[in-house]
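Report on the structure given below.
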Amino acid sequence: MKIALTYNLKRKDDTLPADYFSEYDSQDTINAIISALKLKGHVVEPIDVEYPSLVSYFRKNRVDMVFNIAEGKNGKFRESEVPALLDYFNIPYTGSSTFSLALAMNKALTKKILRADNIPTPKFQIFIKGNEELSPDLSFPLIVKPNCEGSAKGISKSNVVDAKEDLFKVIKDTIKMYKQEALVEEFIEGKELTVGILENGKTTVLPILEIDFSSCKNSGEYFYSWRMKEYQGNADLGLVPTFHCPARLDKETEEKVKEAALKTHRAVGCLDISRTDIRLNKNNIPYVLEINPLPGLDPKESNLPIMAYAAGMKYEDLIEAILMSASERNGLIE
Ligand SMILES: Nc1ncnc2c1ncn2[C@@H]1O[C@H](COP(=O)(O)OP(=O)(O)OP(=O)(O)O)[C@@H](O)[C@H]1O
Ligand SMILES: [Mg+2]
Numbered sequence: 165m166k167i168a169l170t171y172n173l174k175r176k177d178d179t180l181p182a183d184y185f186s187e188y189d190s191q192d193t194i195n196a197i198i199s200a201l202k203l204k205g206h207v208v209e210p211i212d213v214e215y216p217s218l219v220s221y222f223r224k225n226r227v228d229m230v231f232n233i234a235e236g237k238n239g240k241f242r243e244s245e246v247p248a249l250l251d252y253f254n255i256p257y258t259g260s261s262t263f264s265l266a267l268a269m270n271k272a273l274t275k276k277i278l279r280a281d282n283i284p285t286p287k288f289q290i291f292i293k294g295n296e297e298l299s300p301d302l303s304f305p306l307i308v309k310p311n312c313e314g315s316a317k318g319i320s321k322s323n324v325v326d327a328k329e330d331l332f333k334v335i336k337d338t339i340k341m342y343k344q345e346a347l348v349e350e351f352i353e354g355k356e357l358t359v360g361i362l363e364n365g366k367t368t369v370l371p372i373l374e375i376d377f378s379s380c381k382n383s384g385e386y387f388y389s390w391r392m393k394e395y396q397g398n399a400d401l402g403l404v405p406t407f408h409c410p411a412r413l414d415k416e417t418e419e420k421v422k423e424a425a426l427k428t429h430r431a432v433g434c435l436d437i438s439r440t441d442i443r444l445n446k447n448n449i450p451y452v453l454e455i456n457p458l459p460g461l462d463p464k465e466s467n468l469p470i471m472a473y474a475a476g477m478k479y480e481d482l483i484e485a486i487l488m489s490a491s492e493r494n495g496l497i498e
């Protein structure tokens with residue numbers, strides 16, 4: 165097949181905020197996907213969606229399929245930008261639709277849909293101006309997050325607050341810094357889990373990944389903060405969490421966690437692949453934090469490839485499964 169790989173490349177620019185490029189992909193990830201596709205016999209054209217112009221490329225060239233990992237550039241629904249353009253040109257692409265990508269970018273809206281489907285998600289409140297009354301339904305500790313960011317942008321340990329006096333400054337700073345509403349939700353103390361779903365002929369829930377931060381105690385970080393994600397693996401900073409895949413769970417809890425992820429994947433209408441982030445509370449109830457329809461695909465660092473390896477897949481099998489699922493949906497293969 166002739167495939168175009170659409171991506172946003174991570175760059176270095178000291179004039180921009182430190183987390184500016186966090187959602188974007190490294191050259192290593194892009195190279196790994198190109199190699200995997202070539203290994204499976206495809207012809208691949210890598211396209212940085214900023215250079216050259218995406219529009220002129222698709223006007224001039226026909227491809228069978230776009231392998232899309234582009235995070236987009238502008239605004240709160242940026243992951244939809246490239247799929248919207250591909251919809252316009254009627255070019256098939258891997259992964260979720262324009263609509264599901266936009267929906268999953270909005271954590272609060274996603275949570276309302278989860279609630280409607282009886283999928284547990286932490287209690288929450290949206291702050292648009294930052295001077296709204298705090299709902300009496302919420303109990304401390306609370307965590308403040310920008311409502312429409314990923315890669316833990318805007319989430320540090322100071323975003324977890326124990327008392328009302330400290331809450332509003334964090335809310336106002338978040339609104340100002342990320343130019344969007346702040347999501348305040350109950351902080352769930354408990355195991356950090358993430359669940360990958362892959363459509364490879366059938367819908368497969370991959371082995372659950374548990375991320376244990378107890379090995380990072382000296383760093384002062386204790387959850388998947390921006391600093392933890394950005395510098396993961398840096399032993400000098402003490403940011404080497406321990407991965408357990410499959411997660412250390414009893415059978416009943418494992419089934420509950422997998423069911424919550426699968427229901428979330430379906431409620432948001434995800435296609436081909438997704439990764440749902442979950443916290444298990446002390447009563448073993450899996451609370452869904454959010455779903456990522458474009459999970460990171462770094463072959464060494466990203467969570468979803470780690471789960472695929474635990475399922476016995478090689479990196480190229482994972483990439484091919486995503487491509488084949490999209491090809492089947494679009495009638496390119498039987
Ligand atoms: N309600 C919560 N209770 C406990 N921990 C939380 C909560 N919300 C967020 N966290 C912590 O912060 C991390 C990042 O939060 P979240 O997954 O919502 O952000 P994100 O930026 O969308 O992440 P991603 O990098 O997966 O795109 C979580 O993995 C978890 O460690
Ligand atoms: Mg997350």
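Residue numbers (the numbering used here): 165 to 498. Yeah, the Cβ is synthetic: ideal placement off N, Cα and C, and Gly gets one too.
Proximity to residue i [Cα-Cα], best of the options
i	options	result
residue 361	388, 372, 278	372
residue 439	455, 445, 426, 208	455
residue 240	298, 257, 465, 343	343
residue 210	217, 194, 203	194
residue 173	237, 476, 259	237
residue 374	442, 394, 497, 494	442
residue 279	437, 461, 428, 497	428
residue 376	296, 369, 207, 356	356
residue 225	430, 327, 255	255
residue 365	270, 340, 200, 482	482
Same chain, Cβ closer than 7 Å to residue i, neighbours up to 5 away in sequence not counted
i	result
residue 288	272, 275, 347, 348, 349
residue 320	389, 390, 391
residue 253	222
residue 412	374
residue 385	321, 377, 391, 392, 403
residue 445	352, 354, 451
Bounding residues of the beta strand (DSSP E) (the contiguous stretch that carries residue i)
i	result
residue 198	It is not in any beta strand (DSSP E) - residue 198 instead sits in the alpha helix (DSSP H) that spans 191–203.
residue 288	288–291
residue 357	355–363
residue 407	406–408
Buried or exposed by the 16-neighbour rule on C-beta atoms within 10 Å, applied to residue i
i	result
residue 293	exposed
residue 219	exposed
residue 179	exposed
residue 338	buried
residue 149	Limits of the chain in this structure are 165 at one end and 498 at the other, which puts residue 149 out of reach.
residue 182	exposed
residue 497	exposed
Cutoff 8 Å; reference residue i; Cβ partners in own chain excluding five residues on either side
i	result
residue 404	379, 380, 396, 397, 398
residue 264	432, 433, 434, 435, 457
residue 177	184, 185
residue 331	298, 306, 308, 325, 348
CB contact check: residue i to chain D, cutoff 8 Å
i	result
residue 369	Looking for chain D here will not work: only one protein chain is present.
Boundaries (first-last residue) of the alpha helix (DSSP H) holding residue i
i	result
residue 273	271–280
residue 253	245–253
residue 212	From DSSP, residue 212 is part of no alpha helix (DSSP H) but of the beta strand (DSSP E) over 207–212.
residue 443	Unbroken run through residue 443 is the beta strand (DSSP E), 437–444; no alpha helix (DSSP H).
residue 332	328–342
Check: residue i C-beta below 7 Å from any heavy atom of ligand 3
i	result
residue 192	With respect to small molecules bound, the structure shown includes ligand 1 and ligand 2 and not ligand 3.
Own chain residues within Cβ distance below 6 Å of residue i, not counting five before or after
i	result
residue 308	323, 334, 335, 338, 346, 348
residue 402	380, 382, 383
residue 168	209, 211, 227, 230
residue 266	241, 244
residue 207	166
ask   = Taking three-plus beta-carbon pairs below 8 Å as touching, is the stretch 305–315 in contact with the stretch 175–188?
value = yes
Cβ contact (3+ pairs, closer than 8 Å) linking the stretch 223–237 and the stretch 475–490 = Touching, per the Cβ criterion.
Sufficient close CB pairs (3 or more, under 8 Å) joining the stretch 277–287 to the stretch 451–468 = yes
request  = Flag this pair as touching only if the stretch 464–474 and the stretch 295–310 have three or more C-beta atom pairs under 8 Å; answer yes or no.
outcome  = No, the stretch 464–474 does not touch the stretch 295–310.
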